[in-house]
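Asker:
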Amino acid sequence: DAKTTQPPSMDCAEGRAANLPCNHSTISGNEYVYWYRQIHSQGPQYIIHGLKNNETNEMASLIITEDRKSSTLILPHATLRDTAVYYCIVRRDSNYQLIWGAGTKLIIKP
Amino acid sequence: NAGVTQTPKFRILKIGQSMTLQCTQDMNHNYMYWYRQDPGMGLKLIYYSVGAGITDKGEVPNGYNVSRSTTEDFPLRLELAAPSQTSVYFCASREVSNQPQHFGDGTRLSIL
């Protein structure tokens, strides 16, 4: 599985868009990008995933660069409840394992 | 809708004791996983299962055992608890390939 690199921490003002970057320069063509978050050491919560195209759901948008070497998770209108650790994970479809890094601690400020 | 349920939520063990962490899911998922998470770190895979009767080792299996006799249940066994096994343990399940994993709320285990 490709390794991912994320900033250790970020701040964002409440109501603004939070943009969380992730580098995965060694990604292979059949590897998906997954985003999860973890609030207060609860169980990780799935956010979104994608392969090549940009994706959007009720929680967030995922923007993947054309060369697929990086991606950005966008929380369009951040609230205080979005304060969490966000994990970017790259995984092959046939691989059972998710390789977790340390993630980005996102703090939403009032 | 219960999803993935883990019991107990908290437990303190003495060195050398044994215990079983329970995990059950009501989504009829074939794939199930056990992770541990140490403070400030990401999750590490202990064991996983692709269906009833089939299990395999993950990244950090030493000191643990699992079984999968039914689709719903995937218990994790610690035979001789050691201080290094103090951690938060998460169980997860997923439906099929490419679908996300669903996690339980975790078991916080301290070994003294």
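So the sequence lines, in the order shown, correspond to chains A and B. Using the numbering used here, read the first sequence as starting at 1 and increasing by one per residue. Using the numbering used here, read the second sequence as starting at 1001 and increasing by one per residue. Just so it is clear, CB atoms sit at the ideal spot from N, CA and C, and this is done for glycine as well.
Mapping the DSSP letters down to three states, classify A:D82 as helix, strand or coil.
Answerer: As a working note, residue 82 of chain A is residue 82 in the first sequence. It is helical.
Asker: Measure the CB-CB distance between B:T1005 and B:D1073 and report whether it falls below 7 Å.
Answerer: Along the second sequence, one-based indexing puts residue 1005 of chain B at 5. Along the second sequence, one-based indexing puts residue 1073 of chain B at 73. No.
Asker: At the level of alpha carbons, what is the spacing between A:L20 and A:N57?
Answerer: On the first sequence, residue 20 of chain A is found 20 positions in, with the first residue counted as 1. On the first sequence, residue 57 of chain A is found 57 positions in, with the first residue counted as 1. C-alpha separation (whole angstroms): 16 Å.
Asker: Considering B:N1065, what are the terminal residues of the beta strand (DSSP E) in which it resides?
Answerer: For the purposes of this step, residue 1065 of chain B is taken as the residue at position 65 of the second sequence. Residues 1064-1066.
Asker: Over what stretch of residues does the beta strand (DSSP E) that includes A:P21 continue unbroken?
Answerer: Here residue 21 of chain A corresponds to residue number 21 of the first sequence, with the count starting at 1. A:P21 -> beta strand (DSSP E) spans 18-23.
Asker: So, under 8 Å CB-CB, A:I74 and A:A60 are touching, yes? Tell me the CB distance rounded to an integer number of Å.
Answerer: Looking up residue 74 of chain A in the first sequence gives position 74. Looking up residue 60 of chain A in the first sequence gives position 60. Between A:A60 and A:I74 the Cβ distance is about 6 Å, and since that is below 8 Å, they are a contact.
Asker: Give me the residue from A:S70, A:K3, A:S9 with the minimum Cα distance to A:L106.
Answerer: Position 106 of the first sequence, counted from the start, is the residue given in the question as residue 106 of chain A. Closest by alpha carbon: A:S9.
Asker: Quick one: what's got a C-beta closer than 8 Å to B:P1100's C-beta in the same chain, skipping five residues either side?
Answerer: As a first step, residue 1100 of chain B must be located in the second sequence, where it is residue number 100. Here B:P1100 has R1094 as same chain residues with Cβ atoms under 8 Å from its own Cβ, once five neighbours each way along the sequence are excluded.
Asker: Could you tell me which chain A residues have their CB closer than 9 Å to the CB of B:M1027, listed as they occur along the chain?
Answerer: Your numbering for residue 1027 of chain B matches position 27 in the second sequence. Under the 9 Å cutoff, chain A gives no residues; its nearest Cβ is about 13 Å from B:M1027.
Asker: Going by DSSP, what residue range makes up the beta strand (DSSP E) through A:A13?
Answerer: The sequence position of residue 13 of chain A within the first sequence is 13, counting from 1. From DSSP, the beta strand (DSSP E) with A:A13 extends over 9-13.
Asker: Output yes if chain A places a C-beta closer than 7 Å to the C-beta of B:G1042; else output no.
Answerer: As a working mapping, residue 1042 of chain B is identified with position 42 in the second sequence. Chain A, which has a Cβ nearer than 7 Å to the Cβ of B:G1042, makes this yes.
Asker: If you reduce the DSSP assignment to three classes, tell me which class B:S1084 lands in.
Answerer: Your numbering for residue 1084 of chain B matches position 84 in the second sequence. Correct three-state label for B:S1084: helix.
Asker: Which bits of chain A does B:V1088 rub up against, with CB to CB less than 8 Å?
Answerer: Walking along the second sequence from the start, residue 1088 of chain B turns up at place 88. Result: S41.
Asker: Quick check on this structure: which residue in B:L1080, B:F1090, B:M1032, B:N1062 has the alpha carbon closest to the alpha carbon of B:G1053?
Answerer: Taking the first residue of the second sequence as position 1, residue 1053 of chain B is located at position 53. Closest option to B:G1053, Cα to Cα, is B:M1032.
Asker: Distance cutoff 7 Å, beta carbons only. Does A:W123 sit that close to anything in chain B?
Answerer: Nothing in the structure corresponds to residue 123 of chain A, since chain A is present only between 1 and 110.
Asker: Short check: CB of B:T1020 to CB of B:R1108, under 7 Å?
Answerer: Locating residue 1020 of chain B in the second sequence gives position 20, where the first residue counts as 1. Locating residue 1108 of chain B in the second sequence gives position 108, where the first residue counts as 1. No. Outside cutoff.
Asker: Take the Cβ of A:T83 as the centre, count every other Cβ of all protein chains shown within 10 Å, and call the residue buried at 16 or more, exposed below.
Answerer: Working through the first sequence from its first residue, we reach residue 83 of chain A at position 83. Counting Cβ neighbours within 10 Å, A:T83 comes out buried, since at least 16 surround it.
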